[in-house]
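For the record, in the sequence shown the residue sitting at position 114 is 114 according to full-length UniProt numbering, with numbers rising by one throughout. Notes follow the structure.
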Amino acid sequence: MSQAKIDIPEQLLRKHFFNQIVTSDFQIRLIRPSTISRDGRKILQLKESKSSQEEEDLADDAFDVKEPSLQKQLEQMKIISASYILDASANKKDTYSQLLNIANGAILAEYILNLREPNSTFTLNSLKIYLDGPLAMSYLDLNEEKASSHTFMLIESLRAKGASLFIFKGHIDEIRDNLRSAMNQDGSGIRRPTHRRMQGASFRSYAQSILSDLEGTFRRKQITIVSPSKSVSYFSEEDMESLTSALGDYAYHARERDAQAVGGILRLRSGKINSRSYFHECQHIFLTENKRVASASFEFMINNLGYKENYVPPVVTDRYLAGLMFVLYGSKEASELSHQKLLANCASALEPNHALLSKVTTFLSDVTEARAGAFVEMMTSSRSSQHRAIYLLDESKVINNLEEAEQVFADFEVEMRHSMNSEFDIERQRITEEHRLKLEATENEKIMLELDRKKAEGEYQLTLLDQEEDKTRIQTELLSKIQDLSDVKVLQQSQQEQYAASQLNDIEDLVNETFLITDRKQNLITRVLTSLTFCAVVIVNYWSFDPGDHWLWKSACALSLFLVPVGLSKLSNIMANRNAPQRRRETFHSLLKNRTNLRRTASNYDIDFTTGEVVLLPESGEQIVTDNR
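Right, here's the structure in full:
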């Protein structure tokens, strides 16, 4: 504001700044170019008429200031405020949040007196909303970016609450004409946001795809295309003509299209009237971005059709409906609508003046194409919008010929370069400071890492010492354990040997016992045989005393004296040696059944039952140890 030499009392400045916040009204005419040619050159042009958007920009001025110089400064302040809010939204989040809260509070104050208590149970299932052309273009992302974002969020919120979406056929034709105009632009004439964005290849391709099937696009978006009602029962043709005249002095065909849309809504309502408290029950309503159409139409209804201030108007602005959504539902999404609308209005305030560009590009037709294109790019690029808006605040800049246009171009280049250099210096200082802080943080981090490294190294050395002590202790314990194990092995070996010797002795004792038993049995047999021999000898001797007379009998007696002792002796030997090892083995196993301590280990010995020798089998040593354990 100092650069623009704006000198406004602080109280008045504060009043009008906050008034802009709560009304989102940043629209003014930046430059009113003169139409007088200083060099007398005649330029044949059609008379320009104000568009509906320009009419809206100039209407409903919120300021009640009579002094022209002060009025001019207040209008200049609007642009600076819009630029400031856009900058705050990106770089000063806290400040922007406070400004947004003020705007939301204003929306509540505007609507809360006319509505019931907010209730999230409201539905819009019976509401049919009819979109105007520019609003539908914003919904399709064919308008200024921030406006498109706001409109898309608003319409999707309405759809989510149950509202049905419609559009009149006349607005379809308007959209088609606007897209064709933007497609066929040659660098001259009106350059709206759509024209500016058309310079991008991706956007142009997107717009061409929509233009090739415009009706199909709306059908896919579930927006029904209808024609305005022709019934005159509730809104006559005379009323239609009167409303067309009451809308303003912009292009007649545009006023007629808007009037038919408003009149069509009244005819669809069939005379039904609802208070604002029952807004959601009005069934049909026309939604527009044009404040002038909304205010002039409602004023016409009040003056001519008996409407009252608390009635639901036939047409409302997107801002009104966004505020209504905020009050009725109060959700985070509804609050975001207010945020998007505030940004959209600020961005649209920085769009270039269409009359100025149309006039300037006429002058630039005599210069090189590159020079003219550079100027148009500077005047329309969204990147230079804030620089352009601040520079064009001075209404003394009048362009009448090529020389003045060139001078404006040069001055604007200097101003823009100066502004960008200032911003660059600020950004460079910010980056330098951030870099310094990062270096300090890096240095501090380096110091901390070094301290951590030294600490870790010290802990590592202590750990090594502890590990060395543990290693020494473990080695000592291991040696002790090895020695103990060696002693245990020696003791175990000694015990094994003792156990093996004990087992061997027990087996030998059992074998000896077996031999004694079998020998006793053999002696018994010998005694029996001896007795039998004795008896036989007695008989033979008896026979020998009376052998008879026959020589055979005498011979038999004589032989028996020799053969009987010899035979009995042989028989005794045979009986004594017959199956002696087998009898000893059987006797041994019979005795072994009563010796449980020897039963498991007897198979580990080789026993010779002929000689009585006992030998330990080599592969049975470990088995004896295991049995011992």
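For glycine and all other residues, C-beta sits at the position ideal for the given N, C-alpha and C.
query	result
Which residues DSSP lists as bridging Ile225, in chain order	Ile167
With 16 other Cβ atoms within 10 Å as the buried cut-off, status of Cys282	buried
Inter-residue Cα distance where the pair is Lys161 and Gln260	27 angstroms
C-beta neighbour in chain C for Leu437, strict 9 angstroms	The chain labelled as chain C is not found in the depicted structure, where only one protein chain is given.
Exposed unless 16 or more other CB atoms sit within 10 angstroms - verdict on Gly200	exposed
DSSP-derived helix/strand/coil call for Tyr234	coil
Three or more C-beta pairs below 8 angstroms linking the region 192 to 209 and the region 218 to 236	no
Burial state of Met240, where buried means 16 or more other Cβ atoms lie within 10 Å	buried
Straight-line gap, Val262 to Ala163 (C-alpha atoms, nearest Å)	19 angstroms
According to DSSP, residues forming a beta bridge with Glu215	According to DSSP, which records beta bridges pairwise, Glu215 is partnered with nothing at all.
Spatially closest choice to Val511 from Gly264, Gln493 and Leu598, by CA coordinates	Leu598
Length of the line joining the Cα atoms of Ala441 and Arg430	16 angstroms
Three-state secondary structure (DSSP) of Ser275	strand
Start-end ranges of the alpha helix (DSSP H) lying completely within the region 128 to 183, minimum 4 residues	133 to 139, 145 to 160 and 169 to 183
Spatial distance of Gln27 from Lys291 (CA atoms)	Caution is warranted here: a pLDDT of 40 is assigned to Gln27, below 50, making its placement in the model unreliable, and the coordinate value is therefore given only provisionally. Spanning the two alpha carbons is a distance of roughly 11 angstroms.
Selection from Asp173, Ala296 and Ser205 that minimises the alpha carbon distance to Ser183	The sequence given here places Met at residue 183; Ser does not occur at that position. Checked all of Asp173, Ala296 and Ser205; the closest Cα to Met183 is Ser205.
Cα-Cα separation between Val528 and Leu491, rounded to whole angstroms	55 angstroms
Distance between Ile175 and Ser148 (C-alpha atoms, nearest Å)	15 angstroms
Length of the line joining the Cα atoms of Leu617 and Gln522	30 angstroms
Cβ contact check for the region 237 to 256 and the region 268 to 276: 3 or more pairs under 8 angstroms	no
For His171 and Ser297, the rounded distance between their alpha carbons	18 angstroms
Among Gln208, Arg196 and Val312, nearest to Arg276 - alpha-carbon criterion	Val312
Inter-residue spacing [alpha-carbon to alpha-carbon] between Ser202 and Leu154	25 angstroms
For Phe424 and Leu305, the rounded distance between their alpha carbons	59 angstroms
N-terminal and C-terminal residue of the beta strand (DSSP E) that Asp606 is part of	Tyr605 to Asp608
Rounded distance between the beta-carbons of Val614 and Ile507, thought under 8 angstroms	5 angstroms
Cβ-Cβ distance between Phe286 and Ile265 below 9 angstroms	yes
Where Leu617 falls: helix, strand or coil (DSSP)	coil
Tyr311, DSSP secondary structure in three states	strand
Classification of Val488 by the beta-carbon crowding that lies within 10 angstroms, buried from 16 upward	exposed
Three-state secondary structure (DSSP) of Thr514	helix
One or two residues paired with Phe286 in a DSSP bridge	Tyr130 and Val315
Alpha carbon of Thr596 to alpha carbon of Leu478, nearest angstrom	41 angstroms
Buried or exposed (CB count within 10 angstroms, at least 16 for buried), Thr611	exposed
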